[in-house]
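One structure is given here, and the rest of the page talks about it.
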Amino acid sequence: MLETNFSNIDWFIVAAYLAGTVVIGLWVNRYIKGMGDFLVAGRSLRTRLGIATMIGSELGLVTAMFAAQKGFTTGFSAFHIGLMAGIATLIVGVTGFIVVPLRRMGVMTIPEFYEKRFRSRSLRIVGGFILAAAGILNMGLFLKAGAVFVSGITGIDDDAVKWVMTVMIVLVLFYTCLGGMVSVIITDYVQFVVLSFGLLLTCVIAVKKIGWSTLVNGVEKIYSDQGFNPLVAEGVGGSYVSWMFFLGVISCAVWQTAVMRACAAESVAVVKKMYLWSSLGFMIRFLIPQFIGICALVYFYDMGAVGPFFDGQGKVSTDPDVTMKAMPVFLGKLLPVGLLGIVAAGMIAAFMSTHDTYLLCWSSVLTEDVVNPLASKRMSQRARIVLTRAFLVMIAIFLVIWGLWYDLGQDLWDYMAVSGAIYFTGAFAILLLGLYWERASTAGAFSALFIGTLAVIGLKPVQEKLNLVDYFQEKGIGSHHIGLTVSFIAVLAMMVVSLTIPDKKERTENFN
Amino acid sequence: MEGWINFWGALLLVTLVIYTVLVLYVSLGGVADIRNMFKSLSGNENSEDSDSQELDEEISES
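One line per chain: the protein sequences are W and P, in this order. Read in order, the letters of the first sequence correspond to residues 986 to 1497 in the working numbering. Read in order, the letters of the second sequence correspond to residues 2 to 63 in the working numbering.
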């Protein structure tokens, strides 16, 4: 059942790609002269490369895995996630909401904005710590998702997968430590090209093999109405769709990795263009993998509702670890030799490009926003680069350990949304009010940050520890309800606290 | 339900077509942008970013 078409030719294609990334790391190192080059590529990013790197880092293997899983578990209804993300990014691109004022201020990280706007170093340090902690937790399962993909598409056993994943993470560390943002941008570009062509071709082959009407009929048989209408689908509904729209805004305008791209842009005009075009990418990064997930669903159903993806009664498995495997196993059976290697190389490239972006992002936040501001004397550029590289290694070690023992308990996408919410619920309030409301104060910003951490209650293991699982199930409260509520309370709290405890000093800059 | 099926089908088709054009445009144009980026980076003698340096000094003085 788990046998795939993966051959030696496909392994050769993957190995050639991995070797290429090492060469890139060595080659671009010569261009890194300072922290600005290392973190934001000297702010020299132009539109087309900006679009490639923005989509490249967001269209990662993990995104593909959780999006395909959603397609497998909810059918066409899952498409609303991509649609909401695309609309949200388009609105940000047209209005310049949050990202344009941030680019104008010339900040490199969001906690740096906290300090510039509120003139509070403590806020920057606390904000930086929460951001990095939530971000590292958020990427905690990237390695697990990568391992599931590699074992699913190649058919190799779990022990071998661990070695492959370790080699990949070492390679990512190698070229990211050497080339910083410059090598991240180049590898993102290569990944964007390889993966985009691979996925587009996969869609064509899948439709040709299964047929559109078979797909529609299959989803109808398995999920009936719920497989098409997100407003009536189980576990989805109106509030979930609203949560997806909010996440769409967050992932392009508040999430640090996207903001880093905006800050690396050559000008404000480039930022807007990048977002306008990337809206398509933000939609497609969900749509294509979800569609492949739907194809996998119908393919395995038509094979006789085979296990482990279906239970004895022909119902879709409820085990997240199993449903996550459906897409790679399907690809391994669908694609011919050669193309399978290209798609696998593209996906592994996606895995690496997501890792390099996130590793660089969170390690630079720890250096720039936590350690450097805490140091009694301003650290030299060289010391900051060395420290960022040390954090890169430490985070990678954490990922290996966390990825192996954490029990998922919910869809990967929901885990990622909730773990990210620990940071972004507070950050959204601070960015929104800090940029567009003169009276926002430091005390208000602190309150938003602390309230935002309550979003951790959305994680299943935390609910189990607090004995809240039964209560939430009885009341029909999902992680999206918790996320939306916490976001709303954070904004409200920041407004109330800002009015009751205003800042003493007058602002000297106009941040609007 | 028919409405949803047509809507998702049309969305998928239109998005795939536009995305194909975008991939071609970015793939070809990106090479020129990479060249420009390296040219720009070669010209940077000292690329210390603002990184709130002035503010850092201001705050540490006060």
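Ideal placement from N, C-alpha and C gives every residue a C-beta, glycine not left out.
Buried or exposed: Glu3/P, going by 16 or more other Cβ atoms within 10 Å of its Cβ? What you label residue 3/P is simply residue 2 of the second sequence in a count that begins at 1. So Glu3/P ends up on the exposed side.
Range covered by the alpha helix (DSSP H) that runs through Gly1045/W: Position 60 of the first sequence holds residue 1045/W. It is not in any alpha helix (DSSP H) - Gly1045/W carries neither H nor E in the DSSP assignment.
Can you tell me whether Phe1295/W is helix, strand or coil according to DSSP? Residue numbering aside, residue 1295/W sits at position 310 when the first sequence is read from its first letter. Residue state, collapsed to three classes: strand.
Near-chain W residues of the stretch 2-27 of chain P (beta-carbon distance less than 8 Å), N- to C-terminal order: Met2, Trp5, Ile6, Trp9, Gly10, Leu12, Leu13, Thr16, Leu17, Ile19, Tyr20, Thr21, Leu23, Val24, Tyr26, Val27
Would you mind stating whether Leu1185/W and Thr21/P have Cβ atoms separated by less than 7 Å? Walking along the first sequence from the start, residue 1185/W turns up at place 200. Walking along the second sequence from the start, residue 21/P turns up at place 20. For Leu1185/W and Thr21/P, yes; Cβs fall inside 7 Å.
Which residues of chain P have a Cβ atom closer than 9 Å to the Cβ of Cys1237/W, listed in chain order? By 1-based counting over the first sequence, the position of residue 1237/W is 252. Per Cβ cutoff of 9 Å: no residues; Cys1237/W is ~16 Å from chain P at best.
Near Thr1048/W, what residues of its chain come up, given a Cβ to Cβ distance below 6 Å and the 5 sequence neighbours on each side ignored? Numbered from its first residue, the first sequence carries residue 1048/W at position 63. Arg1270, listed in sequence order.
Nonlocal neighbours in the same chain, by C-beta distance under 8 Å from Arg1109/W, ignoring five residues either side: Taking the first residue of the first sequence as position 1, residue 1109/W is located at position 124. Excluding residues within five positions, the ones whose Cβ falls inside 8 Å are Pro1096, Glu1097, Tyr1099, Glu1100, Asp1354, Pro1358.
Note down the Cα distance separating Asp1341/W from Thr1485/W, rounded to an integer number of angstroms. As a working mapping, residue 1341/W is identified with position 356 in the first sequence. As a working mapping, residue 1485/W is identified with position 500 in the first sequence. Taking C-alpha positions only, Asp1341/W is separated from Thr1485/W by approximately 43 Å.
Closest to Trp1387/W by CA distance: which of Ala1130/W, Leu1261/W, Met1153/W, Ala1281/W is it? Position 402 of the first sequence, counted from the first residue, corresponds to residue 1387/W. Closest option to Trp1387/W, Cα to Cα, is Ala1130/W.
Within-7 Å CB hit, Asp1210/W to chain P: Indexing the first sequence from 1 puts residue 1210/W at position 225. Output row for Asp1210/W: interface = yes.
Proximal residues, the stretch 1184-1207 of chain W versus chain P, C-beta separation under 8 Å: Leu1185, Cys1188, Trp1197, Val1201, Glu1205
Can you check whether the CB of Val1204/W is closer than 7 Å to the CB of Phe1061/W? As a working mapping, residue 1061/W is identified with position 76 in the first sequence. As a working mapping, residue 1204/W is identified with position 219 in the first sequence. Yes.
Are the stretch 1036-1043 of chain W and the stretch 1225-1233 of chain W touching, with three or more C-beta to C-beta distances below 8 Å? no
At a CB-CB cut-off below 8 Å, which residues of chain P make contact with Leu1033/W? On the first sequence, residue 1033/W is found 48 positions in, with the first residue counted as 1. Just to set this straight, residue 1033/W is Arg in the shown sequence, not Leu. Residues of chain P with a Cβ closer than 8 Å to the Cβ of Arg1033/W are, in chain order, Tyr26, Val27, Gly30, Gly31, Ala33, Asp34.
Measuring straight from C-alpha to C-alpha, what distance separates Val1385/W and Arg1424/W? Translated into the one-based positions of the first sequence, residue 1385/W becomes position 400. Translated into the one-based positions of the first sequence, residue 1424/W becomes position 439. Taking the straight line joining both Cα atoms gives about 44 Å.
Which of the three DSSP states, helix, strand or coil, is assigned to Val1301/W? By 1-based counting over the first sequence, the position of residue 1301/W is 316. In this structure, DSSP gives Val1301/W an extended state, which the three-state scheme calls strand.
Do the stretch 1411-1420 of chain W and the stretch 1431-1448 of chain W make contact, defined as three or more Cβ pairs closer than 8 Å? yes
Looking at the C-beta of Phe1271/W, does it have a partner C-beta in chain P at a distance below 7 Å? Residue mapping note: residue 1271/W aligns to position 286 of the first sequence, counting from 1. False, the Cβ-Cβ gap to chain P never drops below 7 Å.
Give a yes or no on whether the minimum CB-CB distance between Ser992/W and chain P is below 7 Å. As a position in the first sequence, residue 992/W is number 7, starting the count at 1. Chain P, which has no Cβ nearer than 7 Å to the Cβ of Ser992/W, makes this no.
For Tyr26/P, tell me which candidate among Arg1033/W, Glu988/W, Trp1012/W, Ala1004/W has the shortest Cα-Cα distance. Position 25 of the second sequence, counted from the first residue, corresponds to residue 26/P. It is Arg1033/W.
Do you know offhand how far Ala1004/W's Cα is from Leu1011/W's? Sequence index remark: in the first sequence, residue 1004/W carries index 19 (1-based). Sequence index remark: in the first sequence, residue 1011/W carries index 26 (1-based). Answer to the nearest angstrom: the Cα atoms are 11 Å apart.
Name, please, each residue of chain P whose Cβ falls closer than 9 Å to the Cβ of Met1379/W. Position 394 of the first sequence, counted from the start, is the residue given in the question as residue 1379/W. Chain P residues near Met1379/W: none, gap ~22 Å exceeds 9 Å.
Can you tell me which of the three DSSP states Ala1440/W falls into? Sequence index remark: in the first sequence, residue 1440/W carries index 455 (1-based). Of the three classes helix, strand and coil, the one that applies to Ala1440/W here is helix, per DSSP.
Counting C-beta neighbours from all protein chains within 10 Å, is the total for Gly1444/W 16 or more, i.e. buried, or is it exposed? Counting from one through the first sequence, the residue named residue 1444/W turns up at place 459. The displayed chain sequence assigns Leu, not Gly, to residue 1444/W. Result: buried.
Supposed close pair Gly1120/W, Cys1346/W - CB separation, criterion 8 Å: Position 135 of the first sequence, counted from the start, is the residue given in the question as residue 1120/W. Position 361 of the first sequence, counted from the start, is the residue given in the question as residue 1346/W. The pair is a contact, with the Cβ atoms about 7 Å apart (cut-off 8 Å).
Less than 7 Å between the beta carbons of Glu1137/W and Val1007/W, yes or no? Looking up residue 1137/W in the first sequence gives position 152. Looking up residue 1007/W in the first sequence gives position 22. A small fix is needed here, since residue 1137/W is Gly in this sequence, not Glu. Contact: no.
With a cut-off of 8 Å on the beta carbons, I'd call Ile1195/W and Val1301/W a contact; round off their distance for me. Numbered from 1 along the first sequence, position 210 holds the residue referred to as residue 1195/W. Numbered from 1 along the first sequence, position 316 holds the residue referred to as residue 1301/W. 17 Å between Cβ atoms; not a contact.
Under 6 Å Cβ to Cβ from Ser48/P, same chain only, skipping five residues before and after it: list those, please. Reading the second sequence from its first residue, position 47 is the one you call residue 48/P. With a pLDDT of only 45 at Ser48/P, under 50, the local geometry of the prediction cannot be trusted, and no value is derived from it.
Test item: CB-CB of Met1124/W and Tyr1286/W under 7 Å: One-based indexing of the first sequence puts residue 1124/W at position 139. One-based indexing of the first sequence puts residue 1286/W at position 301. No, the pair does not count as a contact, with Cβ atoms beyond the cut-off.
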